[in-house]
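J.:
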Amino acid sequence: MEKGKKDIRAYTKEALDQFFKDQGKPSFRGTQVYQWLWQKGVHDFDSMTNLTLEDRALLKAHFDINHIQIDIEQKSKDGTVKNAVKLHDNLVVESVLIPTASRSTACVSSQVGCSLDCTFCATATMKRMRNLNPDEIYDQVVTLNAQSEAYHQRPLSNIVFMGMGEPLMNYKNVLAAIAKITKPEGLGMSPKRITVSTSGIPKMIHKLADEGVKFKLAVSLHSARQEIREKIMPFATKFPLEDLLESLQYWYQQTKSKITFEYVVWKGINDTKADIQALIQFCLKVPSKVNLIQYNPIESNTMEQAAPEVVDAYIKLLTASDIQVTYRRSRGKDIEAACGQLANK
Ligand code: SAH
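Residue numbers (the numbering used here): 21 to 365.
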């Protein structure tokens with residue numbers, strides 16, 4: 021960015037209106053510029069053809085447009101698309117389009133790297149470089165939406181915050197991005213089609229609940245036994261399961277929205293009857309369902325997915341306790357686009 025110039029994409033519509041007003045010009049110019057930036061997605065001021073040359077020059081003198089760029093687009097055999105997304109400061113995050121027969125799901129990143137230390141996740145091997153700003157999150161969605169239109173002739177049906185980073189450690193910007201995604205002047209998408217996935221930070225879950233948000237919440241649980249969870253997700257020593265549970269009960273009380281627990285079953289880690297019973301007891305304490313995820317091996321550990329019989333036992337016993345359970349197969353493994361494999365290789 022040129023010195024002294026501001027990133028115009030950090031401006032609200034109202035702030036742009038004010039900018040033109042301060043310049044002695046009609047404030048609706050701000051709204052026009054906002055539409056160019058956010059509905060038409062232009063990347064230079066000369067494309068804003070309903071502005072006078074003088075107005076365009078004024079904008080150029082004051083602002084830059086810091087848009088993201090797709091560095092590499094990889095396509096999996098199963099149709100999954102992974103984008104390496106270059107940010108204005110040359111850092112890179114990844115985002116993924118996951119198509120099925122009836123849906124196009126966007127998986128987006130919220131941070132460059134991650135500050136948490138989950139032993140099973142490739143992103144944890146990178147250090148957290150910085151938070152993404154709202155526009156960088158929004159842009160990933162717009163790009164994936166365009167790819168869905170191009171490859172599948174339909175817009176995105178769902179968005180999941182399951183890419184790189186911990187969304188609740190970038191709370192303000194994630195919420196601002198979602199506001200833009202859901203507003204009519206943005207993508208106009210229903211918040212019910214958006215899922216924020218968190219490793220489980222009780223204080224921030226409380227805050228979300230108080231804010232009355234309308235999107236869905238998923239929690240990467242992986243074990244309902246504190247001593248085991250601490251081994252695979254060391255940061256969990258700071259966030260005990262009882263605090264997590266309390267925050268989730270509060271979330272449900274405020275939002276009436278069921279929580280999804282994401283859960284991988286690993287050999288020798290959480291594959292006993294006691295692990296299953298602990299999960300059932302946990303689920304019975306708050307309206308929830310379980311999404312069993314296939315493990316996608318990463319280089320930095322030797323963890324292995326448990327045998328199919330163990331996964332079956334989970335499904336059988338959860339179901340017997342009236343807890344809804346689904347099993348999610350990995351997508352995009354051949355291009356390292358699957359859960360936990362995003363590490364900017
Ligand atoms: N930080 C957030 C979102 C990113 S991870 C969170 O923790 O929820 C998205 C999902 O992928 C989480 O459920 C995470 O536990 C899971 N995951 C991470 N590494 C994985 C791996 N190697 N195989 C399968 N799932 C993994």
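Don't be surprised by glycine CBs; every beta carbon is placed ideally from N, CA and C.
Tell me whether Leu73 is buried or exposed, calling it buried when 16 or more other Cβ atoms sit within 10 Å of its Cβ.
T.: Taking the first residue of the sequence shown as position 1, residue 73 is located at position 53. Under this definition Leu73 is an exposed residue.
J.: Would you check if the distance between the CB atom of Leu152 and the CB atom of Ser129 is smaller than 9 Å?
T.: For the purposes of this step, residue 152 is identified with residue 132 of the sequence shown, where counting begins at 1. For the purposes of this step, residue 129 is identified with residue 109 of the sequence shown, where counting begins at 1. The answer is yes: Cβ separation under 9 Å.
J.: The ligand SAH and Val331: does any heavy atom of the ligand fall closer than 8 Å to the residue's C-beta?
T.: Your numbering for residue 331 matches position 311 in the sequence shown. Answer for Val331: no, Cβ out of range of the ligand SAH.
J.: Enumerate in chain order the residues of its own chain whose CB-to-CB distance from Asn193 is below 8 Å, with the five nearest sequence positions on each side excluded.
T.: Taking the sequence shown and counting its residues from 1, the one referred to as residue 193 is at position 173. Same-chain partners within the cutoff: Ser130, Asn151, Leu152, Asn153, Pro154, Ile157.
J.: Considering only their Cβ atoms, is the gap separating Glu266 from Pro222 smaller than 9 Å?
T.: Start at 1 with the first residue of the sequence shown, and residue 222 comes out as number 202. Start at 1 with the first residue of the sequence shown, and residue 266 comes out as number 246. Yes, these two residues count as a Cβ contact at 9 Å.
J.: Excluding the five sequence neighbours on either side, which residues of its own chain have a C-beta within less than 6 Å of the C-beta of Val62, listed in chain order?
T.: As a working mapping, residue 62 is identified with position 42 in the sequence shown. Correct list, in chain order: Trp56.
J.: Leaving aside the five residues before and after Met209 along the sequence, list all residues of the same chain whose C-beta is less than 6 Å from its C-beta, in chain order.
T.: On the sequence shown, position 189 is the one that residue 209 refers to. If we look at Met209 and ignore the five residues flanking it on each side, its Cβ neighbours are Ile201, Thr202.
J.: Are the beta-carbon atoms of Lys236 and Thr215 separated by less than 9 Å?
T.: To locate residue 236, count along the sequence shown from 1; it is residue 216. To locate residue 215, count along the sequence shown from 1; it is residue 195. Result yes, Cβ atoms of Lys236 and Thr215 sit closer than 9 Å.
J.: Give the single residue among Tyr334, Ala363, Met146, Asn290 whose Cα lies nearest to the Cα of Lys309.
T.: If you number the sequence shown from 1, residue 309 lands on position 289. That would be Tyr334, whose Cα lies nearest to the Cα of Lys309.
J.: Leaving out the 5 sequence neighbours to the left and right, which residues in its chain are closer than 6 Å to Ile355 when beta-carbon positions are compared?
T.: Position 335 of the sequence shown, counting from 1, holds the residue named residue 355. Result list for Ile355: Gln94, Ser96, Lys102, in chain order.
J.: Within a Cβ cutoff of 7 Å, which residues of the same chain sit near Ile92, ignoring the five residues on either side of it in sequence?
T.: On the sequence shown, residue 92 is found 72 positions in, with the first residue counted as 1. Excluding sequence neighbours, Ile92 sits near Ala104.
J.: Within the same chain, show all residues whose beta-carbon is closer than 6 Å to that of Gln325, passing over the 5 residues directly before and after it, in chain order.
T.: What you label residue 325 is simply residue 305 of the sequence shown in a count that begins at 1. Cβ within range, chain order: Tyr315.
J.: Rounded to the nearest angstrom, how far is the Cβ of Thr145 from that of Val180, given a contact under 8 Å?
T.: Residue numbering aside, residue 145 sits at position 125 when the sequence shown is read from its first letter. Residue numbering aside, residue 180 sits at position 160 when the sequence shown is read from its first letter. Not a contact, Cβ separation roughly 22 Å.
J.: Alpha carbon to alpha carbon, how far is Asp84 from Lys25? Give it in angstroms, no decimals.
T.: For the purposes of this step, residue 25 is taken as residue 5 along the sequence shown, with counting starting at 1. For the purposes of this step, residue 84 is taken as residue 64 along the sequence shown, with counting starting at 1. Using only the alpha carbons, I get a separation of about 6 Å.
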